[in-house]
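Everything on this sheet refers to the single structure shown next.
There are 2 protein chains.
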Amino acid sequence: VALLHALLDAGYHNLVLCHLNHALRGEASDADAEFVHALAKKHQLASEIQRVNLPEICRSSGESMELAARNARHHFFAQCAEKHGLDHVLLAHHANDQAETILFNLLRGSAGLKGMSFSQVHQIQRNQLTFLRPFLKVSREAIDLYIENHAIDFREDASNAAPIATRNRIRNEVMPLLNEIMGRDVAPAMARAEHISQLHEKALKSSISELHLIDPQGRIFLPKLKELSPTLQSIVLHDYLQKAGISNISQSLIEKCLGLLQHPTPSKINLPGNRFFRRKEKRLFIS
Amino acid sequence: VALLHALLDAGYHNLVLCHLNHALRGEASDADAEFVHALAKKHQLASEIQRVNLPEICRSSGESMELAARNARHHFFAQCAEKHGLDHVLLAHHANDQAETILFNLLRGSAGLKGMSFSQVHQIQRNQLTFLRPFLKVSREAIDLYIENHAIDFREDASNAAPIATRNRIRNEVMPLLNEIMGRDVAPAMARAEHISQLHEKALKSSISELHLIDPQGRIFLPKLKELSPTLQSIVLHDYLQKAGISNISQSLIEKCLGLLQHPTPSKINLPGNRFFRRKEKRLFIS
Numbered sequence: 022v023a024l025l026h027a028l029l030d031a032g033y034h035n036l037v038l039c040h041l042n043h044a045l046r047g048e049a050s051d052a053d054a055e056f057v058h059a060l061a062k063k064h065q066l067a068s069e070i071q072r073v074n075l076p077e078i079c080r081s082s083g084e085s086m087e088l089a090a091r092n093a094r095h096h097f098f099a100q101c102a103e104k105h106g107l108d109h110v111l112l113a114h115h116a117n118d119q120a121e122t123i124l125f126n127l128l129r130g131s132a133g134l135k136g137m138s139f140s141q142v143h144q145i146q147r148n149q150l151t152f153l154r155p156f157l158k159v160s161r162e163a164i165d166l167y168i169e170n171h172a173i174d175f176r177e178d179a180s181n182a183a184p185i186a187t188r189n190r191i192r193n194e195v196m197p198l199l200n201e202i203m204g205r206d207v208a209p210a211m212a213r214a215e216h217i218s219q220l221h222e223k224a225l226k227s228s229i230s231e232l233h234l235i236d237p238q239g240r241i242f243l244p245k246l247k248e249l250s251p252t253l254q255s256i257v258l259h260d261y262l263q264k265a266g267i268s269n270i271s272q273s274l275i276e277k278c279l280g281l282l283q284h285p286t287p288s289k290i291n292l293p294g295n296r297f298f299r300r301k302e303k304r305l306f307i308s
Numbered sequence: 022v023a024l025l026h027a028l029l030d031a032g033y034h035n036l037v038l039c040h041l042n043h044a045l046r047g048e049a050s051d052a053d054a055e056f057v058h059a060l061a062k063k064h065q066l067a068s069e070i071q072r073v074n075l076p077e078i079c080r081s082s083g084e085s086m087e088l089a090a091r092n093a094r095h096h097f098f099a100q101c102a103e104k105h106g107l108d109h110v111l112l113a114h115h116a117n118d119q120a121e122t123i124l125f126n127l128l129r130g131s132a133g134l135k136g137m138s139f140s141q142v143h144q145i146q147r148n149q150l151t152f153l154r155p156f157l158k159v160s161r162e163a164i165d166l167y168i169e170n171h172a173i174d175f176r177e178d179a180s181n182a183a184p185i186a187t188r189n190r191i192r193n194e195v196m197p198l199l200n201e202i203m204g205r206d207v208a209p210a211m212a213r214a215e216h217i218s219q220l221h222e223k224a225l226k227s228s229i230s231e232l233h234l235i236d237p238q239g240r241i242f243l244p245k246l247k248e249l250s251p252t253l254q255s256i257v258l259h260d261y262l263q264k265a266g267i268s269n270i271s272q273s274l275i276e277k278c279l280g281l282l283q284h285p286t287p288s289k290i291n292l293p294g295n296r297f298f299r300r301k302e303k304r305l306f307i308s
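As you go down the protein sequences, you meet chains A and B in turn.
In short: position in the first sequence from 1, add 21, done, that's this note's numbering.
In short: position in the second sequence from 1, add 21, done, that's this note's numbering.
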């Protein structure tokens with residue numbers, strides 16, 4: 022609701038309010054949908070309201086609640102976008118959501134620090150949609166103040182009660198405990214750390230591509246790779262294998278592959294799925 | 022104690038047991054020191070036991086307890102190393118200590134993910150010491166099992182009761198809560214994420230140095246910098262300013278400095294401390 026008002030204040034009026042009723046809270050979910058409908062009417066905007074039976078989808082598809090909810094949302098947004106000829110989806114995730122996501126991903130063991138992106142392009146069926154999160158650096162506290170100062174009528178988002186128990190416990194138990202221990206809202210520090218981490222990841226990818234290691238046939242040019250530091254060689258090989266669809270790349274596999282740089286034999290390494298990483302005519306490639 | 026036994030098992034016998042009594046727990050601290058002395062005697066090893074009055078040092082120097090404890094330890098290790106002609110310090114930090122450190126640094130807003138290093142060289146006065154943490158990937162649980170299986174007599178480390186209240190609350194309240202919510206020990210996942218993040222940081226630094234952007238006079242060669250992506254340009258400038266001792270480098274300062282690449286004027290940017298970032302003869306430098 023705050024995002025809608027901020028957008029209207031900023032002069033955006035070609036907006037469609039999209040609400041997907043996950044049907045997880047019974048009557049409260051229905052009341053949310055009614056609220057969105059009335060809100061759109063009040064501001065003379067179009068609205069799209071759909072209902073999915075998420076528990077049913079999970080039962081029949083075997084997907085996790087999290088994945089099923091995500092797929093349902095993407096599918097819904099793509100439908101709305103197509104119907105209204107729009108290609109931007111604005112989401113109201115804020116800095117505290119971001120901190121929870123960063124912590125959750127860290128606990129799951131994702132590589133490095135990873136939160137939500139401010140801007141992200143998704144190809145959903147035949148639609149290319151840009152997801153934007155204008156509030157990603159805005160704290161929940163600032164949003165509450167904005168709502169209060171503008172005397173805006175709102176409802177708690179039904180997704181806050183989504184059955185993603187782990188996420189909810191991080192929100193309701195872990196984040197308050199961390200704030201109390203550190204004596205301040207830890208979300209901004211976490212968001213800054215994530216931002217720098219993502220920037221560095223992007224820079225690393227960009228700087229590796231500046232090294233022009235890959236020949237026109239998509240093979241690694243060995244003499245150039247040999248000039249790099251062992252750390253950088255490991256990253257290049259890891260990226261190369263990952264892009265070729267090799268999963269669960271262990272450090273010991275990388276070390277075996279690095280062996281192809283130094284030793285005359287062997288000239289190939291076994292990869293999962295009956296594939297090989299080979300050295301031939303000063304090139305490294307997968308066959 | 023477990024580390025000592027593991028080292029003896031592995032055939033290392035030229036060991037000195039070093040124990041710094043932080044004098045923070047009164048009699049318990051003294052009993053720790055006696056335990057170390059007896060342990061060394063039992064295994065026919067030399068021992069070095071010293072006492073520092075940490076609260077007193079903090080009062081007189083104004084340092085934080087954490088910094089004062091660190092300086093006192095480093096000073097003590099340097100003394101021991103010099104006396105015994107040794108240059109490696111083996112520390113028993115384990116995977117759960119590492120997870121706490123990673124989380125603590127994240128909450129403090131350090132850049133990216135940062136834990137303790139497996140191996141680190143410290144220049145302490147005139148001594149160059151290598152700090153090693155052989156147990157950094159070993160869980161506390163595995164260490165407890167090792168102690169139990171070998172029926173080894175031990176004492177709880179006095180540092181576990183160090184007055185670093187925040188660290189202790191992370192250890193005693195946050196980590197158990199995270200483990201409970203995720204349904205497993207989260208330390209290994211966090212350590213893996215940190216390891217990859219550090220590897221990528223190292224690779225980024227290494228790949229930037231491969232680009233040979235700095236001329237023999239230590240200035241940035243502008244035509245080469247211009248060829249890079251904006252992200253990479255930002256990182257290069259950030260690193261350059263940081264190495265020159267500029268602190269608190271904001272994104273807006275970086276953007277101003279990036280302006281020197283595109284626009285003919287101005288040719289200098291104000292930096293903190295009456296210094297300037299200048300463009301002259303296709304070079305960027307600080308004066």
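We put the CB at the ideal spot given by N, CA and C, even for glycine.
**Q.** Leu166(A): first and last residue of the uninterrupted beta strand (DSSP E) it sits in
**A.** No beta strand (DSSP E) contains Leu166(A), which is instead part of the alpha helix (DSSP H) from Arg161 to Asn170.
Q. CA-CA distance, Gly133(B) and Ser218(A)?
A. 5 Å
Q. When DSSP builds the beta bridges, which residues end up paired with Cys39(B)?
A. Glu69(B)
Q | Contiguous alpha helix (DSSP H) assignments of at least 4 residues, all confined to the segment 220-250 of chain A | A | 243-247
Q) Apart from the five residues on each side of it in sequence, which residues of its chain come closer than 7 Å, Cβ to Cβ, to Cys278(B)? A) Leu258, Ile290 and Phe298
Q) For Arg188(B), which option in Tyr261(B), Arg161(B), Glu248(B) and Phe125(B) has the closest C-alpha, if you only look at C-alpha atoms? A) Phe125(B)
Q) Between the C-alpha atoms of Arg304(B) and Ser227(A), what's the straight-line distance to the nearest angstrom? A) 23 Å
Q. Roughly how many angstroms separate the alpha carbons of Gln149(B) and Asp260(A), rounded to a whole number?
A. 36 Å
(Q) Within 10 Å of its beta-carbon, does Ala23(B) have 16 or more other beta-carbons around it, so buried, or fewer, so exposed? (A) buried
Q | Element boundaries [beta strand (DSSP E), containing Val195(B)] | A | Counting along the chain, Val195(B) falls outside any beta strand (DSSP E), and DSSP gives it neither H nor E.
(Q) Is there a Cβ of chain A sitting closer than 8 Å to that of Ile133(B), yes or no? (A) Reading the sequence as shown, one finds Gly at residue 133(B) and not Ile. Closer than 8 Å to some Cβ of chain A, the Cβ of Gly133(B) qualifies, so yes.
Q: Would you check if the distance between the CB atom of Leu60(B) and the CB atom of Leu36(B) is smaller than 8 Å?
A: no
Q) Mind checking if Ile164(B) is an interface residue toward chain A, Cβ cutoff 8 Å exclusive? A) no
Q: Check each candidate in Ile256(A), Leu234(A) and Asn170(A) and name the one with the smallest Cα separation from Leu225(B).
A: Ile256(A)
Q.
Taking the alpha carbon of Leu234(B) as the reference point, which residue from Lys223(B), Thr252(B), His221(B) and Glu248(B) has its own alpha carbon closest?
A. Glu248(B)
Q | Interfacial residues, the segment 220-233 of chain B to chain A, with Cβ spacing under 8 Å | A | Leu220, His221, Glu222, Lys223, Ala224, Leu225, Ser227, Ser228, Ile229, Glu231 and Leu232
Q. Which residues in chain A sit within 8 Å of Asp210(B), going by Cβ to Cβ distance?
A. Here the sequence assigns Ala to residue 210(B), which means Asp is not the residue at that position. The contacting residues are Leu127, Leu128, Arg129 and Gly130.
**Q.** beta strand (DSSP E) runs contained entirely in the segment 138-163 of chain B, provided each spans 3 or more residues
**A.** 140-145 and 148-153
Q. For Leu60(B), does the three-state DSSP call read helix, strand or coil?
A. helix
Q: Compile a chain-ordered list of the residues in the segment 189-203 of chain B whose CB is closer than 9 Å to at least one CB of chain A.
A: Arg190, Ile191, Glu194, Val195, Leu198, Leu199, Glu201, Ile202 and Met203
Q | Inter-stretch contact at 8 Å, needing at least 3 Cβ pairs: the segment 160-167 of chain A / the segment 108-126 of chain A | A | yes
Q.
Considering only the alpha carbon of each residue, which of Ala214(A), Asn170(A) and Leu41(A) lies closest to Gln100(A)?
A. Leu41(A)
Q. Tell me which same chain residues have a C-beta within less than 7 Å of the C-beta of Ala89(A), skipping the five on either side of it?
A. Leu75, Ile78, Cys79 and Ser82
Q. What residue does the beta strand (DSSP E) around His109(B) start on, and which one ends it?
A. His109 to Leu111
Q) At a Cβ cut of 8 Å, what residues of the segment 271-302 of chain B count as close to chain A, listed as they run along the chain? A) none
Q: Would you decide whether Asp53(B) is buried or exposed? Buried here means 16 or more other CB atoms lie within 10 Å of its CB.
A: buried
Q: Determine the chain A residues that contact Thr187(B) at a beta-carbon separation under 9 Å, and present them in chain order.
A: Ile202, Met203 and Gly204
Q | Burial state of Ala49(B) (16 or more Cβ within 10 Å) | A | exposed
Q.
Report the start-end ranges of each alpha helix (DSSP H) in the segment 250-295 of chain B that is 4 residues or longer and not cut off at the edges.
A. 251-264 and 272-283
Q | Own chain residues within Cβ distance below 8 Å of Pro293(A), not counting five before or after | A | Ile267, Ser268 and Asn269
Q.
Does Glu297(B) come out as helix, strand or coil in the three-state DSSP assignment?
A. Reading the sequence as shown, one finds Phe at residue 297(B) and not Glu. Three-state DSSP puts Phe297(B) in a strand.
Q | Straight-line gap, Ala120(B) to Ala212(B) (C-alpha atoms, nearest Å) | A | 6 Å
Q) If you compare alpha carbons, which of Arg147(A), Ile145(A) and Asp174(A) is closest to His26(A)? A) Asp174(A)
(Q) If you measure between the beta carbons of Ala210(A) and Arg129(B), is that distance less than 8 Å? (A) yes
Q. Can you give the Cα-Cα distance for Ser138(B) and Val159(B), rounded to whole angstroms?
A. 14 Å
(Q) What residue range does the alpha helix (DSSP H) around Ile191(A) cover? (A) Note, Ile191(A): premise wrong, no alpha helix (DSSP H); not H, not E.
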